[in-house]
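Worksheet for the structure shown next.
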Amino acid sequence: MAIKVEDKQLSIIERLYVLEVIRGLSVTTRHLVRNLTIHLLRLFGLWKVTRGAETYQYPEEKRPVAPRVRTLHRLTKREDGAPRCVACMMCETVCPAHCIFIVAGEHPNPQIEKYPTRFDIDLGLCVFCGYCVEACPEDAIRMDTGVLEFSSYSREGMVYDLDRLLSRSRTPSKSESKSKTA
Numbered sequence: 250m251a252i253k254v255e256d257k258q259l260s261i262i263e264r265l266y267v268l269e270v271i272r273g274l275s276v277t278t279r280h281l282v283r284n285l286t287i288h289l290l291r292l293f294g295l296w297k298v299t300r301g302a303e304t305y306q307y308p309e310e311k312r313p314v315a316p317r318v319r320t321l322h323r324l325t326k327r328e329d330g331a332p333r334c335v336a337c338m339m340c341e342t343v344c345p346a347h348c349i350f351i352v353a354g355e356h357p358n359p360q361i362e363k364y365p366t367r368f369d370i371d372l373g374l375c376v377f378c379g380y381c382v383e384a385c386p387e388d389a390i391r392m393d394t395g396v397l398e399f400s401s402y403s404r405e406g407m408v409y410d411l412d413r414l415l416s417r418s419r420t421p422s423k424s425e426s427k428s429k430t431a
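Residue numbers (this note's numbering): 250 to 431.
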């Protein structure tokens with residue numbers, strides 16, 4: 250069933266959009282005056298309650314981010330440099346975007362049952378929910394690299410494999426691992 254929409258005839262003032270332009274300019278002027286007043290009062294020490302809008306000169310000056318922000322993924326390493334991941338598939342199972350793909354293999358160390366022979370994350374599909382980090386029982390995957398800018402000219406460039414994810418990690422020192430276990 251189609252809905253019939255009647256076209257309303259616009260007056261001359263409405264066709265020229267004069268009122269809309271004036272309304273838009275008033276919003277812009279209101280923001281300008283508010284921010285200018287706040288910045289001037291803060292400059293003289295008379296106003297400390299709210300802050301005015303700040304401009305960041307983006308490529309040179311980075312905007313500060315919260316410490317808890319979820320950024321690009323990384324895989325952590327053991328002391329011997331091997332990935333900490335045991336290929337339990339928890340992160341792949343819990344991922345709502347289905348962007349994680351893991352292939353498990355037998356680890357040469359008998360104390361470790363499995364390890365990932367292939368670990369891919371498709372960042373083109375990822376929604377950065379952080380469920381993979383929460384689900385990992387080994388604390389092998391983290392989203393704390395601080396990298397917010399990653400792009401690619403192809404879809405294949407957005408797929409981060411095991412080597413690329415491990416390259417963002419560092420091997421923990423023996424003092425770090427002892428302090429975490431204590």
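Even for Gly, the Cβ is constructed at its ideal location relative to N, Cα and C.
Does the distance from the C-beta atom of Ile-351 to that of Phe-368 stay below 9 Å? Translated into the one-based positions of the sequence shown, residue 351 becomes position 102. Translated into the one-based positions of the sequence shown, residue 368 becomes position 119. Contact: yes.
Are Cys-348 and Asp-371 close, meaning C-beta to C-beta below 9 Å? Taking the first residue of the sequence shown as position 1, residue 348 is located at position 99. Taking the first residue of the sequence shown as position 1, residue 371 is located at position 122. Taking 9 Å as the Cβ cut-off, Cys-348 and Asp-371 qualify as a contacting pair.
Among Glu-355, Glu-328, Leu-321 and Cys-344, which residue has its Cα nearest to the Cα of Ala-336? On the sequence shown, position 87 is the one that residue 336 refers to. In terms of Cα proximity to Ala-336, the closest of Glu-355, Glu-328, Leu-321 and Cys-344 is Glu-355.
Runs of alpha helix (DSSP H) wholly within the stretch 306-348 (minimum 4 residues, chain order): You should have 339-343.
Determine which residues share a DSSP beta bridge with Ile-351 and list them. Within the sequence shown, residue 351 is the residue found at index 102, counting from 1. Answer is Phe-368, bridged to Ile-351.
Cβ separation of Ala-389 and Arg-333, assumed to be a contact under 8 Å, to the nearest whole Å: Along the sequence shown, read from residue 1 onward, the residue named residue 389 stands at position 140. Along the sequence shown, read from residue 1 onward, the residue named residue 333 stands at position 84. Ala-389 to Arg-333, Cβ: 4 Å. Contact.
Could you work out which residue in Glu-405, Asp-412 and Arg-327 is closest to His-366 when comparing CA atoms only? The residue you call residue 366 lines up with position 117 of the sequence shown. Inspection of the sequence shows that residue 366 is occupied by Thr rather than by His. With distances taken between Cα atoms, Thr-366 lies closest to Asp-412.
Residue environment, Val-267, which counts as buried when at least 16 other CB atoms sit within 10 Å: Locating residue 267 in the sequence shown gives position 18, counting from the first residue. Label assigned to Val-267: exposed.
Hey, out of Glu-405, Arg-417, Glu-398 and Leu-414, whose CA is closest to Tyr-307's CA? On the sequence shown, residue 307 is found 58 positions in, with the first residue counted as 1. For Tyr-307, the nearest C-alpha among the options comes from Glu-398.
Where Arg-279 falls: helix, strand or coil (DSSP): The count along the sequence shown starts at 1 and reaches residue 279 at position 30. Helix.
Following the continuous alpha helix (DSSP H) through Glu-263, name the residue where it begins and the one where it ends. As a position in the sequence shown, residue 263 is number 14, starting the count at 1. Unbroken alpha helix (DSSP H) run through Glu-263: 261-265.
What is the residue span of the alpha helix (DSSP H) that Arg-413 lies within? The sequence position of residue 413 within the sequence shown is 164, counting from 1. Start and end: 411-416.
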